[in-house]
Every structure is written in C-alpha cells, then in structure tokens.
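This report concerns only the one structure given below.
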Amino acid sequence: MWAFLASDVMFFGAFIATYLVYRGKSLVGPYPSEILDIPLTSVSTFVLLVSSLAMVLGLHYVKEGQKNKATLWILAVVILGAIFMGFQFYEFREFAHEGLTPRTNIFGTTFFILTGIHGAHVTIGVFWMAFMAYSSHTGALRQDNALDLEIAGLYWHFVDIVWIVIFTVIYLISFSDGPPPGVGPTIVH
35 MWAFLASDVM FFGAFIATYL VYRGKSLVGP YPSEILDIPL TSVSTFVLLV SSLAMVLGLH
95 YVKEGQKNKA TLWILAVVIL GAIFMGFQFY EFREFAHEGL TPRTNIFGTT FFILTGIHGA
155 HVTIGVFWMA FMAYSSHTGA LRQDNALDLE IAGLYWHFVD IVWIVIFTVI YLISFSDGPP
215 PGVGPTIVH
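Each position in the sequence shown, counted from 1, maps to that position plus 34 in this note's numbering.
The structure is reproduced here in structure tokens:
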C-alpha cells in the first residue's frame, strides 16, 4: 500500500503542479473569483474530514472486537464519503450552468481534471469502505485481520490529505484570481 500511495503522491503532485503553472493564465472566463463557492466547499471539506474521524473509530472498534460499533462507524465513512461526492456533483453542475466546463478555459480544464481524479479516488474509497462495512457486519472483519481495515484506512486518510491540498490550492489560494487586466467580469450576478 505504501508504494501505491507514494506513486499516487507523485500522480497528484504532477496535476497540482500543472494547475499551479497554469494558474491565472485563462484568457476567458469564468474565473475562480467569479465561480468558486468557498462556504459550500468548506462544508464538503468538513464532511470529508469527519469521515476520517469515523474511519479511526471504526478501526478502533474492530480492534476492540465490538462488531456493531465498528460496522456503524465504517458505514458512517461510506455515508460521509457519498455526501462529499454529492457536494462535488452539485458543484460541477453549478459550474457547468455558469459556463465553466473542462473545455471553457485553462482553469476549467485543470480544475475538472484535478477534482475529477480526486473524486474517482473518493468513489473507489467509498466502495472499498462499503465492502469493509459488509465484512464487519458478517464477522469476516475481526480483530485478527484488522490490518485489512488499516490498509483501507491508509488509503482513505491519503484521499483526505490530498483534498486538503486541493482545497487549499484551488479554493483558498486561487479564489482571488480574476480576469486579466483590461478584461471585465464574465459572470454578472
């Protein structure tokens, strides 16, 4: 798992670096300052972070042999991950409605690739955690093989950490990026 995560660090690192290289280079809008919804994305980020706490609690209860509590907390990870993805789909739909797609401009291309790849990772994690919840419920996940959930947890925490970096770079740092000098806003509310 560590080798996979190391390769994924390089994978996401390359996409984040590409985003930073092209940041502020879009000649047409919509621009980050016109479209990003920091409060909404902050809530979805909080949901994803709480899912990490649920993951820790699920693993704790598996190691303690408390099957019902373990299953409950692992299911919480699944539900919170699905809620996060719901926020992402909502945001993607709103952006498309406002005119931002992967084909609109450089910001749209890099934004959708980076957040889309992260979303694919979250989706894989949600299915993996659903399998772990099922395994816990049926008794296949026990104290003696809790390492299975630890490995899944490493992946889940990695996905959360990557999101914190993406949220910081795209939403917090790029939020003020507007049109180049001499170009007016593209979205008027």
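No residue lacks a Cβ here, since even glycine has one placed at the ideal position from N, Cα and C.
Residue 181 by DSSP, collapsed to three states: which one? helix
State yes or no: is the C-beta of residue 185 within less than 8 Å of the C-beta of residue 35? yes
Measuring CA to CA, which of 49, 117, 66 is closest to residue 79? 117
For residue 37, tell me which candidate among 211, 208, 188 has the shortest Cα-Cα distance. 188
Quick one: measure Cβ to Cβ for residue 125 and residue 157, integer angstroms, because I've assumed they're closer than 8 Å. Wrong, their Cβ atoms sit about 15 Å apart, outside the cutoff.
Using a 10 Å radius around the Cβ and a threshold of 16 neighbouring Cβ atoms, would you call residue 179 buried or exposed? exposed
Cα separation between residue 105 and residue 160? 14 Å
Between residue 85 and residue 114, is the Cβ-Cβ spacing less than 8 Å? yes
Going by the beta-carbon positions, is the gap between residue 101 and residue 170 smaller than 8 Å? yes
Segment limits, alpha helix (DSSP H) that includes residue 157: 140-172
So, helix, strand or coil for residue 43, using DSSP? helix
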